[in-house]
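There are 2 protein chains.
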Amino acid sequence: MPSLSDLKETALYVDDVDVAVRFYCDVLGLAVLIQDQRFCALDVNGRHVLLLFLRGASCETTTLPGGTIPPHDGSGPIHAGFAIEDADFPAWESLLAKNGVAVLSHVNWPRGGRSLYFRDPDGHLLELLTPGVWVTY
Amino acid sequence: MPSLSDLKETALYVDDVDVAVRFYCDVLGLAVLIQDQRFCALDVNGRHVLLLFLRGASCETTTLPGGTIPPHDGSGPIHAGFAIEDADFPAWESLLAKNGVAVLSHVNWPRGGRSLYFRDPDGHLLELLTPGVWVTY
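Those protein sequences? They're chains A and B, same order as listed.
Position one of the first sequence corresponds to residue 1 (the working numbering), numbered consecutively onward.
Position one of the second sequence corresponds to residue 1 (the working numbering), numbered consecutively onward.
Here is the structure:
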C-alpha cells in the first residue's frame, strides 16, 4: 500500500487576497510563490504551501493548460497551526504586539509544548506551536 | 525577526468524525493520534497533523487544563493536498478505485509534477501531488 509523505497544501478562503497576503507576508514573514486574481500561494520555510483563495472564486471547475481542478470553497473562521521554535516564543509575542495583532489565548500542553492563538484579517484562528505539542512534534 | 518553521496543523470540519476517520485511516492510511467527541488528530507520516473537527462543536471557547482555545469552525468543501511519491501514482489510483473513490481530474504541472483530485466523505477536495508541483516541492 502506498503512503502519504506529508500534507503539503493547506487552503484558507479569504475576502480580499491582497489584504491577506500583506498580513501573511508582512506580519508572519511568508513569501509569495505565485499570485493571480483567484488565489495566492505562499511558501512556509520551503516545507509547506499555504493557499489563500478568494472566497467564491473557485466554485466552478478551474481549467489549466495541464488539466482541471474541481470546485472548492469555504467559509467560517477555520484553524491552522504554524510550527515555531520554542526560543522564538517571546519574539513572536513581541512581533504580534508590534503589529497590533491581539494574542487571544495561550495553552501549555502536557508534553511540554506551548501555543498561542490569534486571528488573521478574515478571522481564521491561527496558532503558533512549539515542539512538544504532539507525540510527532 | 523570528520565522515560521512549517505549517504543522491543518483543520477540516466534518459532519461525522467517525466516518471521516474511517476514510482517512482505512483509505488514505493515516493513524489516529488522539480522538474525542469534538475532534480527531491524525498523523501524516510524522510530519503533519490533520485535525478533523466535528462541525459546530468548536464554536465556543475550548477550555483545557493548560489554557483555552478560541472559537473556530468552518463549512464548505475546502481543499487540502497530500504529498506522494511519483512512483506511487499508479498505486494510489488503484487504491482509490478499489475503495470506490472517484478520481475527478488530473493536472500535469509545468515543473513536471502531477496531481489527482478526489473528495472525502464531506466533499472536501483532496489532492495527491508529486514532487515538481511547486518550486519548493
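Beta carbons are placed, not taken as given, at the ideal position from N, Cα and C, and that holds for glycine.
Under a three-way DSSP split, which group does Leu116 of chain B fall into? Looking at Leu116 of chain B - three-state DSSP - the assignment turns out to be strand.
Per DSSP, the bridge partner or partners of Ala41 of chain A: Ala41 of chain A pairs with A:Ile34 and A:Leu51.
Using a Cβ-based criterion (distance less than 6 angstroms to any ligand heavy atom), does Ile69 of chain B qualify as near the ligand GTP? In the structure shown, the ligand GTP is absent, as is every other ligand, since no ligand is present at all.
Within-7 angstroms CB hit, Asn45 of chain A to chain B: Yes, Asn45 of chain A counts as interfacial toward chain B.
Of all the CB atoms in chain A, is at least one closer than 7 angstroms to the CB of Asp16 of chain B? Not one chain A Cβ lies under 7 angstroms of Asp16 of chain B.
Within its chain, find whatever has a CB closer than 8 angstroms to the CB of Phe39 of chain B; leave out the 5 residues flanking it on each side and keep chain order. The residues Val17, Leu51, Leu52, Phe53, Leu54, Ala57 and Ser58, in chain order, have a CB closer than 8 angstroms to that of Phe39 of chain B in the same chain once the five nearest residues on each side in sequence are set aside.
Given that Asn108 of chain B touches chain A, what residues does it touch there, using C-beta distances under 7 angstroms? Result: Gly66 and Gly67.
Compute the Euclidean distance between the alpha carbons of Val103 of chain A and Phe89 of chain A, then round it to the nearest angstrom. Inter-residue distance for Val103 of chain A and Phe89 of chain A is about 12 angstroms (C-alpha atoms, whole angstroms).
Since Pro2 of chain A and Trp92 of chain B are thought to touch, with beta carbons under 8 angstroms apart, how far apart are those beta carbons, to the nearest angstrom? Yes, Pro2 of chain A and Trp92 of chain B are in contact; Cβ-Cβ is about 5 angstroms, under 8 angstroms.
Output the distance between the C-alpha atoms of Gly29 of chain B and Tyr137 of chain B, rounded to the nearest integer angstrom. A direct Cα-to-Cα measurement between Gly29 of chain B and Tyr137 of chain B gives close to 22 angstroms.
Specify, as a first and last residue, the run of the alpha helix (DSSP H) that Glu9 of chain A falls within. Segment Asp6 to Val14 is the beta strand (DSSP E) holding Glu9 of chain A; no alpha helix (DSSP H) there.
Grouping DSSP H, G and I as helix and E and B as strand, with all else coil, what is Glu93 of chain B? Of the three classes helix, strand and coil, the one that applies to Glu93 of chain B here is helix, per DSSP.
If you drop the 5 nearest sequence neighbours on each side, which residues of the same chain put their C-beta closer than 6 angstroms to that of Asp86 of chain B? For Asp86 of chain B, the CB contacts under 6 angstroms within the same chain, skipping 5 residues up- and downstream, are Thr130 in chain order.
For Lys8 of chain A, is the classification buried or exposed, using 16 other Cβ atoms within 10 angstroms of its Cβ as the cut-off for buried? Buried, because 16 or more other Cβ atoms sit within 10 Å of the Cβ of Lys8 of chain A.
What is the DSSP secondary structure of Ala20 of chain B, counted as helix, strand or coil? DSSP, read as helix, strand or coil, puts Ala20 of chain B in helix.
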